[in-house]
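Residue numbers (the working numbering), protein chains in the order written: chain A, 1 to 607; chain B, 608 to 718; chain C, 719 to 829; chain D, 830 to 1165.
Where a beta carbon is used, it is the ideal one built from N, C-alpha and C, also for glycine.
The block underneath contains the structure these notes are about, expressed in structure tokens.
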Amino acid sequence: LYFSRDTYSEKLYIDEPVGTPLLYVHALQDARGEVPHFRLGQHLYSTYRSQPHKNDWFQINEDTGLLYLNQSLDQRALEKLSARNGGFPLLTIYLQVFLSPKPLRESDCHWPSCAKVMLSVINTTMPACSSLKPREFCFLETGLSFRIRENKPPGTFHQFRLLPVQHLCPNISISYQLLGEEALPFYSDKDTMEVNMRHSLDREEKEKYELIAKCTVWEGLREEVVMVPFPVTVYDEDDSPPNFPNGINTANAVVEYKRKEGTVLAVLQVFDADVVPSSVDIPRKYIHTMLTSDPLVNEFFRVEHSPNETSYNSNGSRVRAMMHDYKLVLNRSLPITESHSFQLGVLVNDTDYQGPGGVLHLYFNVTILPVSIRFPNISYSFSVNRNAHRYAQIGKVCIENCKEFHGVNITYKLQSLSVNCTALGIITTPESTTGNLFVNDTSMLQRPECTGMKYLVIASDRQSKKQSRTTSTISVEGNFFPEEEGCPISCAVNKRRSECEECGGLGTLMGTCQWRQGDGKGISKNYSTCTPSLKTCPDGNCDAVESRDLHICPQDCIRGDIIGGHERGEWRGIKAGYGVCNCFPEKKKCFCEPDDDKEPLCDEVCR
Amino acid sequence: GPRRAKLDCHLRTELVRVHELGLGHDSDELIRFQYCSGACPKVRSNHDITLAHLLRTGRLRLPTQPGRGSVRVLSHPCCRPTAYKAVSFMDVSNTWRTVDSLSAAACGCLG
Amino acid sequence: GPRRAKLDCHLRTELVRVHELGLGHDSDELIRFQYCSGACPKVRSNHDITLAHLLRTGRLRLPTQPGRGSVRVLSHPCCRPTAYKAVSFMDVSNTWRTVDSLSAAACGCLG
Amino acid sequence: MDSMSTGTCINAKTLCLEDFTCSTSFLFLETCFPFTVSATQKPENQEDCLKAAQQLQNNSLSTCRCLWRMKNQDNCLAIYWTIHSPYGFGHYDLGGSPYKEIVINKPWKFNHLDLLESGSVSQSSPDLCLKSTTLCTLNDKCNKLRLAYGEVCSVARCQPLKCQQELRVFFEQVADHYAQALLFCPCDDGDDACGARRRNTFAPSCASPTRDPHNCLMLWNMCLQDLLCRSRLADFQMHCIHMDPLVTCVGTQLHRCLKAYMGLIGTVMTPNYISNLSTEVAVGCSCRGSGNQLEECKHIQDSFSRNPCLTKAIKTQMQFYHQRLSKSSPPAISQE
């Protein structure tokens, strides 16, 4: 049994006579043959629930659910009740009506087996019938709303008459109806003014009925019509088995270059027309298990379940449902040598659904392809200027499909094949599995006899020890010219174009720093600065070479103080700066300020 | 006396709009910018007395800085902040921003 | 780099005759008088950048000091001695004299 | 025990512990509700908890309250909920508010308003939200408290919990009319800049980031687990919803509802304007995945976004500040 509403309300005037009927509560059956017995809570409550008061004034008919005045509420009684309302004027009296035969604990009143009754107290006697407006005969201001469980026997869930006012003004003629009720699963009885269900409801067909209740009042010849919303919410039951939207229960998953933990390999969807269990209870109620005993599968794969509420159209209205995504995810990085194919079954069990078909099987056809480490069959050739400073980035080497690789630990090494001249080093950029060639020893470059270099480049996978080799030839160009005396070792120190271009610094390709002229519009990503190489710095990325030494590109790598108008990069570096940004790596500090901010004039301090 | 005290190194407050700070932030919000100013009593150290004298008599020739006037020499302690505080405000895109050590919190005669 | 560092706050030396010190000693002996001077660009804070900007744009009106122009405001740390040392010499009556804390021994950007 | 806590639950508990029967009931009740740190285990039988609570019905404990700005407010609230938790009307009706009624309309005045109006502090745009921000900056306490939350809520240094905490401190310590001037400053229709300032002035992107909004029922449960949030929610429910079932929204009740609304700022149930150009407010949560509790979920949303009394209270307050902050405002009047 369940109440058709979670809260009932009515107006209560002072000194209404004993026996005045107040309202009907209604209960609907969960199963045919159930007979409701209504019981009133012993106490009535005001705003502060901790101050309950013995209920001497209200009684309920156990069978009909009629709540009525057992004793008239006079001014004195009202004051007694108000005294326990924490100093607030008593506006509302709360009662509790229980349904279940065995008495529930009084303080635990919530739908479906307990309903709240809210009586709005009006501190005057009932006004004369003639002074009441038609609306006051028809409906209350607090509004109507009803709850009906799907698949349950039909029954009476409301009666329209406002009992107190019609009891005290019996000669008012009034009628109620639901607009367009002919086409609805509800009908109102002209005599009893009750609202009934024609048949049980199916939420998956329609879950909300936004009806309109119409009341017509006649006073002599004058007729007055009042209309109010009459919403009915259909409550869900887990009565629909899960199924596969468009019938697909199998998906292929190929593991090739993307072998990193967390990679989503395939997704299968399960549709459930019900919205129970709700998203809070789903983890407990919607269980999935991988049907495999293969330790490799359990170690390297997992299935992630993410339920999302969705909705579908059912003859003109939207009905909520649940779409469950099951993702096959790599649980650990897979070695590149691994090669294997198998079918993984996943059992999905909607434990809330009692009928057949509550259990489904998903199938992932998994193919793990081995991946080889191979250089494209070309040999690399680069050139380097004799005036290049240490950490100048000469070029990048990359095994085949290196951009595709994820979760594979490739490292690059160099072996010199030339005797008199070896100046380069190599660093691996993990994310993009590329090798960055850079100048590591400038003294070699300055020797006239050093005109070219040859290297063996070796790429190897740390886990499987697989390797691939290629050669790289480097030509040395340009004539060496000694650098301007007194230049800083970091290009970033320079604050003006003139200073910048007359000096070199770590990371410079041709021995001179490059000036980037910003747009000068407030704090901007395009700030002015002096850089060893416009190609790599500043680009918002403190790359593998730059992170070797803060002097190379502090603009991208600084973690310390940035003074002046700026915006810090998410992890490090200057994302945006105002005017010119220059840095002092040894102090781990950068400044961003407009160039016209020359040193302040020698103010009167100098006198 | 009190009149004299007003001239001594102490904290001053100026109501400044954020876009006037010269940091590139754009906002009409007012902030309380505090700074230190005022005289520092001459500490009669032998060094300062001699330095002031050499400066006054022109005996000390100061090398000039290209384009920036003569190099600065101080013959007495300077009135500078001894503590700073951050200032926060909402910029024109209504994002809350904080600038560290923007305002002086206390002043002192240093050096 | 080293070429520009010369402008930064550092120790300078001047050969001065004792009688030019202005301390009332009379001797023709030369002494090495050391003092601090130079800029402190690397130690400035947001406060300094803003203060310099407000001063330059005239947004900060400084109350004037009777007889000594506008009140002193420094928009950068001051280059001052952080250690001193005594200097000795023979005066005209050939007596050895020592003047404490006459010469700067080390410099720093303060405030 | 300081004067502030006389007549509060702290005082009532001290008296109760001096009486044997009262203290046995109360100490047992403390085990029923894990609000107090000391309570560890929970008795299985809730019946005993209700009996213990009923024994205290005539004790001062069952009518004690707490004060908005009292010291050790958390202790007081813990005592209140120890007494009142057994009596709930179900999960979504928290009964009365733990906060004692407060006299509101002390005459107040914005200092420096004359300074602003005389134009000596140049005011380029007449946007009243910027003006109320300036008024706060010109008031020492308001400026200090505003910078305090501003710093921990600003971009690149946002710490959500600290941000929420400093916001609460701001509302608890700053004079109401300064806080309300920032929160309920009026904007001309279509003035997006003014509305954006009003909507972001309490750093919602840091205090309550709504990337994937919680379900409102979950948010409600999270709030109920937190002593302060539960108390502010009960206060809001009482003064903005239950106090007026016939939806009359009369007189001082409006002002008390605004006080309750502001009390929620800085908790997980922080409400805010729904857009720059609207004065409608909402709490940042959705009703997706509510299952059969869609009505309860919608009720939580509607208590902010479809609450006629709250909407009327906010509009009235904006009209008041429009009059107070616009140029031709009369001298300070106490606000009824």
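Query: Which two residues bound the contiguous beta strand (DSSP E) that contains L119 (chain A)?; Result: 114 to 125
Query: Roughly how many angstroms lie between the CA atoms of I212 (chain A) and E10 (chain A), to the nearest whole one?; Result: 20 Å
Query: Using a beta-carbon distance below 7 Å, is N1121 (chain D) in contact with chain A?; Result: yes
Query: Using a 10 Å radius around the Cβ and a threshold of 16 neighbouring Cβ atoms, would you call D238 (chain A) buried or exposed?; Result: buried
Query: Tell me whether C491 (chain A) sits in a helix, a strand or coil according to DSSP, three-state version.; Result: helix
Query: On the DSSP bridge assignment, give the partners of R735 (chain C) in chain order.; Result: C:L748
Query: Taking G1110 (chain D) as the reference, give the member of D:C1116, D:N1101, D:G1118 with the closest Cα.; Result: It is Val, not Gly, that sits at residue 1110 (chain D) in the sequence shown. The residue with the shortest Cα to Cα distance from V1110 (chain D) is D:N1101.
Query: Just to confirm, are G518 (chain A) and T512 (chain A) a CB contact at a threshold of 7 Å?; Result: no
Query: Output needed in chain order: residues of the region 558 to 578 of chain A with a Cβ under 7 Å from some Cβ in chain B.; Result: G564, G565, Y578
Query: Quick check on the burial criterion: 16 or more other C-beta atoms within 10 angstroms. Buried or exposed for L334 (chain A)?; Result: buried
Query: For a contact meaning CB atoms closer than 9 Å, what does N812 (chain C) contact in chain A?; Result: What N812 (chain C) touches in chain A: nothing, since even the nearest Cβ is about 38 Å away.
Query: Which of the three DSSP states, helix, strand or coil, is assigned to T531 (chain A)?; Result: strand
Query: CA-CA distance, T620 (chain B) and D969 (chain D)?; Result: 12 Å
Query: List the DSSP bridge partners of Y187 (chain A).; Result: A:N196
Query: For S240 (chain A), is the classification buried or exposed, using 16 other Cβ atoms within 10 angstroms of its Cβ as the cut-off for buried?; Result: buried
Query: Does the distance from the CB of I1094 (chain D) to the CB of L1011 (chain D) come in under 7 Å?; Result: no
Query: Taking G522 (chain A) as the query, report the chain B residues whose CB atoms sit under 7 Å from its CB, ordered along the chain.; Result: G631, D633
Query: Which residues in chain G sit within 8 Å of R730 (chain C), going by Cβ to Cβ distance?; Result: Here chain G cannot be found, since the structure's protein chains are A, B, C and D.
Query: Which residue wins for smallest C-alpha separation from C616 (chain B), given the options B:H632, B:K649, B:L622?; Result: B:K649
Query: In its own chain, which residues sit with a C-beta less than 8 Å from the C-beta of F918 (chain D), not counting the 5 before and 5 after it?; Result: G924
Query: If you pair each beta-carbon of the region 271 to 281 of chain A with each one of the region 305 to 325 of chain A, do three or more pairs fall below 8 Å?; Result: yes
Query: Exposed or buried, what is Y2 (chain A) when buried is set at 16 or more other beta-carbons lying within 10 Å of its beta-carbon?; Result: buried
Query: Sorted by chain position, which residues of the same chain lie with C-beta nearer than 8 Å to Y909 (chain D)'s C-beta, five sequence neighbours on each side aside?; Result: C838, C893, R894, C895, P927, S1060
Query: How long is the line joining the alpha carbons of D877 (chain D) and C861 (chain D), rounded to whole angstroms?; Result: 9 Å
Query: Looking only at C-alpha atoms, which of A:G540, A:V348, A:W111 sits nearest to F244 (chain A)?; Result: A:V348
Query: Does chain C have any CB closer than 7 Å to the CB of F584 (chain A)?; Result: yes
Query: Tell me where the alpha helix (DSSP H) around V795 (chain C) begins and ends.; Result: The sequence as given places Pro at residue 795 (chain C); Val does not occur at that position. No alpha helix (DSSP H) holds P795 (chain C); DSSP gives it neither H nor E.
Query: Who are the neighbours of D818 (chain C) on chain B, taking C-beta pairs under 8 Å?; Result: N653
Query: Could you tell me whether the region 253 to 265 of chain A touches the region 401 to 409 of chain A, using the rule of 3 or more Cβ pairs below 8 Å?; Result: yes
Query: Check C754 (chain C) in the structure and name its three-state DSSP category.; Result: strand
Query: Identify every residue that forms a DSSP beta bridge with T657 (chain B).; Result: In the DSSP output, where bridge partners are listed per residue, T657 (chain B) has none listed.
Query: Between the Cα of S490 (chain A) and the Cα atoms of A:G507, A:S200, A:T124, A:M126, which residue gives the shortest distance?; Result: A:G507
Query: Using a threshold of 7 Å, state whether the C-beta atoms of C647 (chain B) and L792 (chain C) are closer than that.; Result: no
Query: Taking only three categories from DSSP, how would you classify C129 (chain A)?; Result: helix
Query: Note down the Cα distance separating H1128 (chain D) from C1114 (chain D), rounded to an integer number of angstroms.; Result: 12 Å
Query: In terms of residues, what are the limits of the alpha helix (DSSP H) holding P134 (chain A)?; Result: 134 to 138
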